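Residue numbers (the UniProt record's numbering): 1 to 159.
Beta carbons: idealized from backbone N, C-alpha and C, even for Gly.
From a predicted model like this one, the values you see are computed outputs, not experimental measurements.
Heads up: the structure comes next, in structure tokens.
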Amino acid sequence: MKTRFLFPNQFKTLGWILFVPSLILGILYSINNEILKSFLKIKVFAIAETQLFNYNSYFKFVENDIIDELILIGLIIGGIFIGFSKLKNEDEYISKIRYESLVWATYLNYALIIIFTLFLYGFAYLSIVFYNLFTLLLFFIIRFHYTIYKLNKANRDDE
Numbered sequence: 001m002k003t004r005f006l007f008p009n010q011f012k013t014l015g016w017i018l019f020v021p022s023l024i025l026g027i028l029y030s031i032n033n034e035i036l037k038s039f040l041k042i043k044v045f046a047i048a049e050t051q052l053f054n055y056n057s058y059f060k061f062v063e064n065d066i067i068d069e070l071i072l073i074g075l076i077i078g079g080i081f082i083g084f085s086k087l088k089n090e091d092e093y094i095s096k097i098r099y100e101s102l103v104w105a106t107y108l109n110y111a112l113i114i115i116f117t118l119f120l121y122g123f124a125y126l127s128i129v130f131y132n133l134f135t136l137l138l139f140f141i142i143r144f145h146y147t148i149y150k151l152n153k154a155n156r157d158d159e
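Structure, rendered in structure tokens:
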């Protein structure tokens, strides 16, 4: 069976190394962003920078604390590596589980977006939209690995 779009199995380990610390830092940063404030303040190139009560700037270097960008990139890349790396024994049934988990995660993710759209407003809604950048991956990883765990447990019980 061809798995052209999956990463090699070794990428899963790298994914966990990126994902877990990024998730922990992301939760800490969400609770209190003062913990990591000014930790990595450097000059970066910005296509656009807009500020609430200030002027907008375009195509210039600005000073920015990049810890939130690094956390987000770690979550996304780590999640992609975890979710889309081959298992050691990748077969057609695993591909079916992967597909069904992705569809299930997509349905759940968008159902939650609809619910939050109906019942959250202002900055609370904006926060949910931001977290939605990686919740689809998170739901997929949880469902896929839980289903694989159940499959392996059933196989051990049969033996």
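Could you tell me if residue i is buried or exposed, where buried requires 16 or more neighbouring beta carbons within 10 angstroms of its beta carbon?
| i | result |
| --- | --- |
| residue 105 | buried |
| residue 18 | buried |
| residue 134 | buried |
| residue 97 | buried |
| residue 12 | buried |
| residue 4 | exposed |
| residue 119 | exposed |
| residue 99 | exposed |
| residue 156 | exposed |
| residue 31 | exposed |
| residue 29 | buried |
| residue 141 | buried |
Tell me where the alpha helix (DSSP H) around residue i begins and ends.
| i | result |
| --- | --- |
| residue 146 | 123-158 |
| residue 198 | Nothing about residue 198 can be read from this structure; the chain reaches only from 1 to 159. |
| residue 7 | That residue, residue 7, is in no alpha helix (DSSP H); it is neither H nor E in DSSP. |
Only counting the same chain, and skipping five residues up and downstream in sequence, which positions put a Cβ closer than 8 Å to that of residue i?
| i | result |
| --- | --- |
| residue 6 | 84, 85, 86 and 90 |
| residue 136 | 105, 106 and 109 |
Residues in the same chain with beta-carbon distance under 6 Å from residue i, minus the five sequence neighbours each way, listed in chain order, please.
| i | result |
| --- | --- |
| residue 58 | 48 |
| residue 74 | 18 and 22 |
Can you list, in chain order, the residues of its chain with a C-beta nearer than 7 Å to that of residue i? Leave out the 5 residues immediately preceding and following it.
| i | result |
| --- | --- |
| residue 55 | none |
| residue 116 | 125 and 128 |
- Query: Which ranges would you report for the alpha helix (DSSP H) in the segment 48-104 if only whole runs of at least 4 residues count?
  - Reply: Taking 4 residues as the shortest admissible run, the segment 48-104 contains the following complete alpha helix (DSSP H) segments, listed from N- to C-terminal end: 67-83.
- Taking one C-beta from the segment 103-118 and one from the segment 44-62 each time, how about it: are there three or more such pairs within less than 8 Å? no
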